[in-house]
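Participant:
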Ligand SMILES: Nc1nc2c(c(=O)[nH]1)N[C@H]1C(S)=C(S)[C@@H](COP(=O)(O)O)O[C@H]1N2
Ligand SMILES: [Mo]
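Residue numbers (full-length UniProt numbering): 1 to 152.
This is the structure in structure tokens:
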């Protein structure tokens, strides 16, 4: 199933339509957000920051993860788990989300991120504001190709 999803996302001209974000909430339900819904309901912002994977600055369109918690009225979450298309899994404590306001990016330099550009969703920290977050601890949270989020 995973490979079929990957193949479809890679080769379909409609690939962006497939790029829905799945969010498992603490109450046990699973919600789906399309990029269109994210754009219209979650007030995306511009984030310009260097990242360890690129030379120079990249410009992202992104939503704050804290705004996602607000959107789903999640109050007492402890952590968010991120699962990527390659089955990489990371965990970001809500304390990091509140303190450092990481983003979920879905556009880089004005273009929707394809899987090969680390899309459809990428957790990024604004290292331009807080360069001290460029550490292994935060890098391992900067999961790209995110498909599923579990709020716990
Ligand atoms: N989807 C995905 N995101 C990921 C990873 C991964 O394997 N898959 N590796 C993480 C880890 S452990 C680190 S330190 C950083 C940097 O990975 P790199 O050194 O392979 O570029 O990306 C993070 N994001
Ligand atoms: Mo890592």
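Every residue gets a Cβ at the ideal spot worked out from N, C-alpha and C, and that includes glycine. Small disclaimer: the values here were computed from a predicted structure and weren't measured.
Work out the CA separation of residue 111 and residue 48 for me, nearest whole Å.
Facilitator: Rounded to the nearest angstrom, the two C-alpha atoms are 14 Å apart.
Participant: Taking the straight line between their C-alpha atoms, what separation do you get for residue 123 and residue 28?
Facilitator: So the alpha carbons of these two residues sit roughly 23 Å apart.
Participant: Can you find the residues in the same chain that come closer than 7 Å, C-beta to C-beta, to residue 144, ignoring five residues on each side of it along the sequence?
Facilitator: Within the same chain, residue 144 has close Cβ partners 84, 118 and 122.
Participant: Go ahead and pull the three-state DSSP assignment for residue 88.
Facilitator: It is coil, neither helix nor strand.
Participant: Using only alpha-carbon positions, find the residue among 44, 106 and 67 that is nearest to residue 94.
Facilitator: Nearest option by C-alpha distance: 67.
Participant: Do residue 64 and residue 102 have their beta-carbon atoms positioned less than 9 Å apart in this structure?
Facilitator: Their beta carbons are under 9 Å apart, which means residue 102 touches residue 64 by this criterion.
Participant: Identify the continuous beta strand (DSSP E) that holds residue 103 and give its terminal residues.
Facilitator: That run of the beta strand (DSSP E) goes 103 to 108.
Participant: Measure the C-alpha to C-alpha separation of residue 130 and residue 97 and round it to an integer number of angstroms.
Facilitator: One C-alpha to the other measures close to 14 Å.
Participant: Between residue 37 and residue 45, what straight-line distance do the alpha-carbon atoms span, to the nearest angstrom?
Facilitator: Whole-angstrom Cα-Cα distance: 14 Å.
Participant: Distance, Cα to Cα, residue 76 vs residue 26?
Facilitator: Going by the C-alpha atoms only, they are around 9 Å apart.
Participant: Assuming residue 212 contacts residue 152 under a Cβ cut-off of 8 Å, what Cβ separation, rounded to an integer in Å, is found between them?
Facilitator: Look at the range of the chain in this structure, 1 to 152, and you will see that residue 212 is not part of it.
Participant: For residue 91, which residues in the same chain have their Cβ closer than 6 Å to its Cβ, ignoring the five residues on either side in sequence?
Facilitator: Same-chain partners within the cutoff: 79 and 81.
Participant: Quick one: measure Cβ to Cβ for residue 125 and residue 142, integer angstroms, because I've assumed they're closer than 8 Å.
Facilitator: Residue 125 to residue 142, Cβ: 7 Å. Contact.
Participant: Spell out the partners DSSP gives residue 76 in its beta bridges.
Facilitator: According to DSSP, residue 76 bridges with nothing at all.
Participant: From the DSSP output, in three-state form, read off residue 58 for me.
Facilitator: Three-state result, residue 58: strand.
Participant: What is the rounded straight-line gap between the Cα of residue 32 and the Cα of residue 51?
Facilitator: One C-alpha to the other measures close to 28 Å.
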